[in-house]
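Data block below; observations after.
Structure below.
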């Protein structure tokens, strides 16, 4: 084979061409997702949830948007009708899991150290210590971060992203990957709107709609005088859809058109 | 950021293929990264410099192809190129769209150094 001009390289032998140093190179087409290993583990987690008829929800937001507070309020509202468990993700401390356990709900804390997101493997390990028998609803409260968690499938059925009214109303435009990953966006701390003059819910809705998924946007207030009606409605519809799905089947899309 | 995790996953995939093919080292890695993948190409390149040290890809060139965001409108069927945070149909303004391309995070292929050149294949 000519080693200078490549004149003898044909489509049949092109992949065995020699590079300038004379060592052979093999060119291999792969076409594989970089996160394929995580996705495989996520699928395994999802199958595990489906076998037990558990609805798994991945809760994401920036730090301090009110994820844990929303879970506490949800437990108070639904805990006598549905069996709930929570997997908590934080870099350090068991504080959030402790808050959940104080309501009599099983909670397992994953401390990631420096990892800025949960992944399917961490959730898989957590499930070794969290029996799913008899559970209806598993919340996975992800690390507070509007960037990285969106990229990692954990095996959940639904993604819920919180946007608190104390953040910017243009957040969906600034973090399109995260907000596009949402099956529901919750406008949290909505009771504070009456004392804030720089958050426009309509602007947040426009920014969300511009992400092309027509994602429902609902308001909640979790403290003092809780307003949870729309959130609980959405959860109960999703739970009913999950119960209606045959065990072991992929997730069913519930109707979620809420203003 | 999570580009380090992604690079570690990339290196695992590349190493598996290299071992499977009996290759000594990796010469080139071709990946495709879309604007909606959640991964920043420049950060991926930086993370790769860290992750590849001491591996079979220690001297590999990482080639990153970026794609543009193209959407298909679920209302009128038109395809259009657009910005990552403005996934609205350019033709009818519809806000129910699906992504045709732009969210890729894919290993397209690799080039391996094999220790013993094989005889040329004639077709």
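Protein chains in written order, with my numbering: chain G, 150 to 408; chain R, 57 to 179. Ideal Cβ placement from N, Cα and C applies to all residues, glycine included.
**Report entry** Three-state secondary structure assigned by DSSP to residue 297 (chain G)
**Finding:** Taking the first residue of the first chain as position 1, residue 297 (chain G) is located at position 148. Of the three classes helix, strand and coil, the one that applies to residue 297 (chain G) here is helix, per DSSP.
Query raised in the report: In terms of residues, what are the limits of the alpha helix (DSSP H) holding residue 358 (chain G)?
Result: The residue given as residue 358 (chain G) occupies position 209 in the first chain. Its alpha helix (DSSP H) spans residues 350–358.
Query raised in the report: By the 10 Å Cβ neighbour count, where 16 or more other Cβ atoms means buried, how is residue 262 (chain R) classified, buried or exposed?
Result: Outside the displayed span of chain R (57 to 179) sits residue 262 (chain R), for which this structure offers no information.
Query raised in the report: Nearest-angstrom Cα distance between residue 140 (chain R) and residue 245 (chain G)?
Result: The residue labelled residue 140 (chain R) in the question sits at position 84 within the second chain. The residue labelled residue 245 (chain G) in the question sits at position 96 within the first chain. Between residue 140 (chain R) and residue 245 (chain G), the C-alpha separation is close to 34 angstroms.
Report task. Could you give the DSSP three-state label for residue 136 (chain R): helix, strand or coil? Result -> Translated into the one-based positions of the second chain, residue 136 (chain R) becomes position 80. DSSP places residue 136 (chain R) within a strand segment (E or B) once states are collapsed to three.
Report task. Using only alpha-carbon positions, find the residue among G:327, G:306 and G:351 that is nearest to residue 298 (chain G). Result -> Counted from its first residue, the first chain places residue 298 (chain G) at position 149. The shortest C-alpha to C-alpha distance from residue 298 (chain G) to any of G:327, G:306 and G:351 is the one to G:327.
**Report entry** Short CB-CB distance (under 8 angstroms) between residue 167 (chain R) and chain G
**Finding:** Walking along the second chain from the start, residue 167 (chain R) turns up at place 111. At least one chain G Cβ lies under 8 angstroms of residue 167 (chain R).
Report task. Within 10 angstroms of the Cβ of residue 124 (chain R), are there 16 or more other Cβ atoms? Answer buried if so, exposed if not. Result -> Residue 124 (chain R) sits at position 68 when you count from the first residue of the second chain. Classification of residue 124 (chain R): exposed, given that the 10 Å Cβ count is below 16.
Query raised in the report: Whose Cβ in chain R lies nearer than 7 angstroms to the Cβ of residue 174 (chain G)?
Result: In the first chain, residue 174 (chain G) corresponds to position 25, counting from 1. Scanning chain R for C-beta atoms nearer than 7 angstroms to the C-beta of residue 174 (chain G) yields 83, 167, 168 and 169, reported in chain order.
**Report entry** is_contact[residue 66 (chain R), chain G] using C-beta, thresh 8 angstroms
**Finding:** Numbered from 1 along the second chain, position 10 holds the residue referred to as residue 66 (chain R). Output row for residue 66 (chain R): interface = yes.
Requested in this report: Taking C-beta pairs closer than 8 angstroms, name the residues in chain R that residue 243 (chain G) reaches, listed in chain order.
Outcome: Numbered from 1 along the first chain, position 94 holds the residue referred to as residue 243 (chain G). Going along chain R, no residue has its Cβ under 8 angstroms from residue 243 (chain G), so there is no contact; the nearest lies around 23 angstroms.
Query - Opposing strand residues paired with residue 188 (chain G) [DSSP bridges] - result: Numbered from 1 along the first chain, position 39 holds the residue referred to as residue 188 (chain G). Residue pairing from DSSP leaves residue 188 (chain G) without any beta-bridge partner.
Query raised in the report: Would you report the Cα separation of residue 133 (chain R) and residue 151 (chain R), rounded to the nearest angstrom?
Result: Within the second chain, residue 133 (chain R) is the residue found at index 77, counting from 1. Within the second chain, residue 151 (chain R) is the residue found at index 95, counting from 1. Approximately 12 angstroms, taken between the alpha carbons.
Query raised in the report: In angstroms, rounded to a whole number, what distance separates the CA positions of residue 178 (chain G) and residue 68 (chain R)?
Result: For the purposes of this step, residue 178 (chain G) is taken as the residue at position 29 of the first chain. For the purposes of this step, residue 68 (chain R) is taken as the residue at position 12 of the second chain. Distance from the CA atom of residue 178 (chain G) to the CA atom of residue 68 (chain R), rounded to whole angstroms, is 16 angstroms.
Requested in this report: For residue 332 (chain G), I'd like the list of residues in its chain whose CB is within less than 6 angstroms of its CB, leaving aside the five on either flank, ordered along the chain.
Outcome: Working through the first chain from its first residue, we reach residue 332 (chain G) at position 183. These residues qualify, in order along the chain: 307 and 308.
Query - Per-residue contacts from residue 326 (chain G) into chain R (C-beta, under 7 angstroms) - result: Position 177 of the first chain, counted from the first residue, corresponds to residue 326 (chain G). What residue 326 (chain G) touches in chain R: 92 and 94.
Query - Extent of the continuous beta strand (DSSP E) to which residue 154 (chain R) belongs - result: The residue labelled residue 154 (chain R) in the question sits at position 98 within the second chain. Where residue 154 (chain R) is concerned, the enclosing beta strand (DSSP E) stretches over 153–157.
Report task. Below 8 angstroms CB to CB, which residues in the same chain sit around residue 352 (chain G) once its five sequence neighbours on both sides are set aside? Result -> Working through the first chain from its first residue, we reach residue 352 (chain G) at position 203. These residues qualify, in order along the chain: 318 and 319.
**Report entry** At least 3 beta-carbon pairs within less than 8 angstroms: the segment 214–228 of chain G vs the segment 186–206 of chain G
**Finding:** Flag = no, the segment 214–228 of chain G and the segment 186–206 of chain G do not touch.
Report task. Could you name the residues of chain R that residue 182 (chain G) contacts, counting a contact when the two beta carbons are closer than 7 angstroms? Result -> Residue numbering aside, residue 182 (chain G) sits at position 33 when the first chain is read from its first letter. Neighbours of residue 182 (chain G) on chain R, chain order: 161 and 162.
Query raised in the report: Hey, does residue 77 (chain R) have any beta-carbon neighbour from chain G nearer than 8 angstroms?
Result: For the purposes of this step, residue 77 (chain R) is taken as residue 21 along the second chain, with counting starting at 1. When Cβ-Cβ separations below 8 angstroms define contact, residue 77 (chain R) makes contact with chain G.
Requested in this report: State the Cα-Cα distance for the pair residue 271 (chain G) and residue 288 (chain G), rounded to the nearest angstrom.
Outcome: Within the first chain, the letter at position 122 stands for residue 271 (chain G). Within the first chain, the letter at position 139 stands for residue 288 (chain G). Approximately 15 angstroms, taken between the alpha carbons.
Query raised in the report: Excluding five sequence neighbours on each side, which residues of the same chain lie with their C-beta closer than 7 angstroms to the C-beta of residue 305 (chain G)?
Result: As a working note, residue 305 (chain G) is residue 156 in the first chain. Around residue 305 (chain G): 205, 206, 207 and 289.
Query raised in the report: Would you say residue 121 (chain R) faces chain G, with C-beta separation under 8 angstroms as the test?
Result: As a first step, residue 121 (chain R) must be located in the second chain, where it is residue number 65. Not closer than 8 angstroms to any Cβ of chain G, the Cβ of residue 121 (chain R) fails to qualify, so no.
Query raised in the report: So residue 169 (chain R) is in the beta strand (DSSP E); what residue range does that whole segment cover?
Result: Taking the second chain and counting its residues from 1, the one referred to as residue 169 (chain R) is at position 113. In the DSSP annotation of this structure, the continuous segment of the beta strand (DSSP E) that includes residue 169 (chain R) starts and ends at 161–170.
Query raised in the report: Taking all protein chains shown into account, do 16 or more other C-beta atoms lie within 10 angstroms of the C-beta of residue 389 (chain G), making it buried, or fewer, making it exposed?
Result: Position 240 of the first chain, counted from the start, is the residue given in the question as residue 389 (chain G). Here residue 389 (chain G) is exposed: its Cβ has fewer than 16 other Cβ atoms, across all protein chains shown, within 10 Å.
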